[in-house]
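Notes to accompany the following structure.
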Amino acid sequence: MQTGNHKLLQVKDLKVYFPINLSVLGKGKKLFIKAVDGVSFDLETGETLGLVGESGCGKSTTARGVLQLYRPTSGQVFFQGKDLCLEKGDALRRMRQSMQMIFQDPYASLDPRMTVKEIIGEPMKVHRVPEKKKERLERVLELMQLVGLNPTDVHRYPHEFSGGQRQRIGVARSLAVRPEFIVCDEPVSALDVSIQAQVINLLEELREKFNLTYLFISHDLSVVKHISHRVAVMYLGIMVELAEKNELFSKPLHPYTQALLSSIPVPDPVFETRRTSIALEGEIPSPIFPPPGCRFHPRCRRKENICSESIPAWKEVAPGHFTACHLV
Amino acid sequence: METTQNMKRPILDVEGLDVKFYLRDGTLNAVRDISFALFPGESLGVVGESGCGKSVTFLSVMRLIPVPPGKIQAATLRFDGTDILKLSEKEMQRIRGNRISMVFQDPMTSLNPVLTIGKQMREVIKLHMKLKDTALEDRCIELLSKVGISEPQMRLRSYPHQLSGGLRQRVMIAIALSCNPTILLADEPTTALDVTIQDQILRLIKSLARDLGAATVLITHNFGAVAGTTDRIMVMYAGKIVETATTPELFKNPLHPYTKGLLKSIPRVDKETQEKLFSIAGAPPDLMRELVKGCAFIARCPIRDDSCYHHLPPFSEKKQGHYVSCWKVF
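So the sequences go chain by chain: A and B.
Terminal number for the first sequence in my numbering: 482, no gaps in between.
Terminal number for the second sequence in my numbering: 372, no gaps in between.
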């Protein structure tokens with residue numbers, strides 16, 4: 155990317171399964187929800203990777219698996235050269251200082267009984283950086299200024315702020331311990347249109363200022379196209395396509411990506427009357443019993459015999475453009 | 043089209059609608075003295091941010107605002123010539139779900155989780171139409187296949203949790219259309235759905251309403267959703283209508299600084315990405331507090347001047363069919 159080739163994060167064949175128990179008598183096989191079933195990607199320092207897909211496709215689980223908030227079933231997550239999946243306890247906690255998260259719902263992700271000072275100060279308290287209380291308060295005020303909040307509001311509670319301001323508090327909290335990598339999980343989805351743009355701009359400014367690396371999850375493809383350098387598309391626990399954003403949006407190769415992109419409504423009536431969307435038939439299959447072969451084949455309009463027989467390989471079809479489809 | 047519409051009698055005629063909520067912490071003036079009309083067969087998009095009064099406006103039309111704490115006042119609030127505010131609750135029930143029906147945002151909370159789809163559909167149809175047994179069953183099956191649900195007989199025996207979000211919303215649409223309504227109100231019908239399903243649902247509402255000749259109102263915060271599905275758009279801000287125009291005109295030539303700002307601040311997939319998104323500074327005003335005398339958008343407006351502070355801008359026609367409420371638009 156623009157910032158040299160330093161790989162900050164490498165994810166290799168990440169799998170996150172959740173065990174379920176369907177049988178009443180404890181008989182039968184143990185079943186798993188295969189929320190993430192073999193995902194690989196990497197992130198360079200200073201880069202934003204957009205992760206898109208429909209609800210339930212495993213984008214949030216992937217991010218949480220990377221951060222070790224869910225322990226991956228298998229796979230490797232290299233961060234600054236260390237495999238996070240092998241770290242635990244204090245060592246992992248120390249590494250978490252460099253990895254933070256911004257959540258979707260600015261109402262649910264801030265403790266209503268804590269003041270802004272306590273919320274933004276909490277990560278610093280946990281990691282004991284800076285050690286002195288007074289320095290931590292100074293840092294809180296500095297962060298508030300940085301994200302566009304008024305430092306005089308430091309003793310207020312979340313309910314006294316609007317949705318956009320609350321999300322700024324969430325952003326300030328994530329920056330408190332000077333992380334390098336931030337997972338943004340639908341950070342603007344709960345915000346109003348006129349506020350969304352403010353928060354998107356803030357995130358971009360901060361990335362440039364601190365050379366941050368983002369994994370940006372969203373179901374809003376227009377937002378993802380704006381903020382990301384590269385975009386990855388997920389479907390039913392696997393990645394189906396990954397490319398530089400302009401490449402992906404102009405030349406989508408996987409039939410699922412094509413269908414997804416064709417259904418984005420555009421605020422332009424002329425464009426809208428011409429837009430023909432590819433309707434997907436049927437429903438998303440169960441992640442407990444994913445279809446054999448290509449997971450998308452039951453809904454794919456181009457499917458052939460091979461698609462139900464063998465799993466398509468994840469291959470680089472053009473420089474930096476990866477996809478998993480037999481027909482590409 | 044404009045001229046024929048102007049000659050037609052509106053199916054919904056609203057003048058001076060004002061909705062207040064008397065709450066413990068004060069009075070919330072959610073809708074402030076607005077006037078508009080909806081014409082038969084027309085598709086109207088209502089766009090605005092949360093709290094702008096778009097839902098409250100149409101809940102008032104349905105008389106679904108709890109009174110108290112709410113209070114609905116209007117100089118005129120007529121549906122098909124009848125004064126809605128004068129109707130008894132019983133008379134209102136005959137209109138609601140029958141002649142004006144509604145599709146809500148979240149199909150999980152608007153369907154009853156302990157009743158089968160069939161039971162819920164029959165309930166509505168029985169209430170408004172004199173259908174029995176097999177005729178009733180047939181009507182349900184017909185409706186479900188109309189909204190694109192396969193194996194309708196089987197689905198009638200399903201419970202809401204057995205259906206996906208998209209299917210549930212299709213069921214809601216089937217129920218809303220079951221009595222051939224004159225007006226279909228859809229309040230954020232696709233906000234809770236995935237993008238691929240969103241598009242299908244919007245197209246479905248559009249084509250079914252067209253077949254029925256029903257007027258539709260699509261309430262949304264998403265400009266993309268109204269661009270391809272409506273004839274006319276009404277933009278609301280802080281309890282006021284700030285701009286109304288035909289859909290092509292509004293997108294091509296937005297006049298109000300709020301509409302302009304909103305359209306500019308949406309990231310677009312069909313265009314090259316800009317370095318920085320345009321953003322409207324500040325946040326919408328708190329309608330609990332006393333508003334300024336002048337324009338409600340004033341605190342965020344890039345083109346305000348002194349006149350904007352003192353008087354409320356009139357809602358006036360700047361071009362044929364294009365109404366704007368702004369002192370600075372000529």
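Backbone N, C-alpha and C fix where the C-beta goes; we use that ideal spot for every residue, glycine too.
These figures come from a predicted structure and were not determined experimentally.
At the level of alpha carbons, what is the spacing between residue 413 of chain B and residue 251 of chain A?
Given a span of 43 to 372 for chain B in the structure shown, any question on residue 413 of chain B remains unanswerable.
Along the chain, which unbroken stretches of the beta strand (DSSP E) at least 3 residues long are found entirely within the segment 342-412 of chain A?
367-371, 384-389, 392-398
Below 7 Å on C-beta distance, what does residue 355 of chain A contact in chain B?
318, 319, 321
Look at the alpha carbon of residue 341 of chain A and the alpha carbon of residue 127 of chain B, and state the distance between them as a whole number of angstroms.
42 Å
Determine the closest residue to residue 167 of chain B out of B:138, B:155, B:191, with distance taken between C-alpha atoms.
B:138
By Cβ distance below 7 Å, which residues in the same chain neighbour residue 373 of chain B in space, the five residues on each side in sequence not counted?
This structure cannot settle anything about residue 373 of chain B, because the visible part of chain B is limited to 43 through 372.
Three-state class that DSSP yields for residue 313 of chain B in the structure shown:
coil
So, is the C-beta of residue 409 of chain A closer than 8 Å to a C-beta in chain B?
no
Three-state secondary structure (DSSP) of residue 282 of chain A
coil
DSSP puts residue 361 of chain B in a beta bridge; with which residues?
B:364
Return the CA-CA distance between residue 59 of chain B and residue 109 of chain B, expressed in angstroms with no decimal places.
15 Å
Under 9 Å (Cβ pairs) to chain B, residues found in the segment 373-395 of chain A:
373, 374, 375, 376, 377, 378, 379, 380, 381
First and last residue of the alpha helix (DSSP H) that includes residue 252 of chain B?
237-254
Can you list, in chain order, the residues of its chain with a C-beta nearer than 7 Å to that of residue 328 of chain A? Leave out the 5 residues immediately preceding and following it.
254, 255, 256, 336
Does the segment 219-233 of chain A touch the segment 307-321 of chain A, meaning 3 or more C-beta pairs lie closer than 8 Å?
no
Please report the distance separating the alpha-carbon of residue 111 of chain B from that of residue 266 of chain B.
35 Å
By alpha-carbon positions, which one of A:400, A:355, A:469 ends up nearest to residue 318 of chain B?
A:355
Is there contact here, the segment 208-220 of chain B with the segment 438-456 of chain A, by at least three beta-carbon pairs under 8 Å?
no
Short Cβ contact (8 Å threshold) for residue 263 of chain B with residue 95 of chain B:
no
Does the beta-carbon of residue 306 of chain A have 16 or more other beta-carbons within 10 angstroms, so that it is buried, or is it exposed?
exposed
For chain A, is any of its Cβ atoms less than 8 Å away from the one on residue 154 of chain B?
no
Relative to the alpha-carbon of residue 342 of chain B, which residue among A:348, A:236, A:449, A:376 has its alpha-carbon at the smallest distance?
A:348
Residue 378 of chain A and residue 204 of chain A - do their beta-carbons sit closer together than 8 Å?
yes
In this structure, how does DSSP classify residue 223 of chain B when only helix, strand and coil are distinguished?
coil
Short Cβ contact (8 Å threshold) for residue 62 of chain B with residue 70 of chain B
yes
Short of 6 Å in beta carbon distance, which residues of its chain neighbour residue 365 of chain A, apart from the five on each side in sequence? Order them along the chain.
200
Counting C-beta neighbours from all protein chains within 10 Å, is the total for residue 367 of chain B 16 or more, i.e. buried, or is it exposed?
buried
Contact with chain B by residue 413 of chain A, beta-carbon distance below 8 Å:
yes
From this set, A:468, A:403, A:452, A:258, which residue's C-alpha is nearest residue 462 of chain A's C-alpha?
A:452
Identify whether residue 158 of chain A lies in helix, strand or coil by the three-state DSSP scheme.
Residue confidence for residue 158 of chain A is low, a pLDDT of 47 falling below 50, so the modelled location carries little weight; the figure read from the coordinates is stated next. Reduced to three states, the DSSP call for residue 158 of chain A is coil.
Alpha helix (DSSP H) containing residue 126 of chain B: first to last residue?
From DSSP, residue 126 of chain B is part of no alpha helix (DSSP H); its letter is neither H nor E.
State yes or no: is the beta carbon of residue 285 of chain A nearer than 8 Å to at least one beta carbon in chain B?
no
Buried versus exposed, by CB contacts within 10 Å (16 or more), residue 240 of chain B
buried
So, residue 224 of chain A versus residue 269 of chain A, is the Cβ gap smaller than 8 Å?
no
Can you check whether the C-beta of residue 265 of chain B is within less than 8 Å of a C-beta belonging to chain A?
yes
Do residue 289 of chain B and residue 226 of chain A have their C-beta atoms closer together than 8 Å?
no
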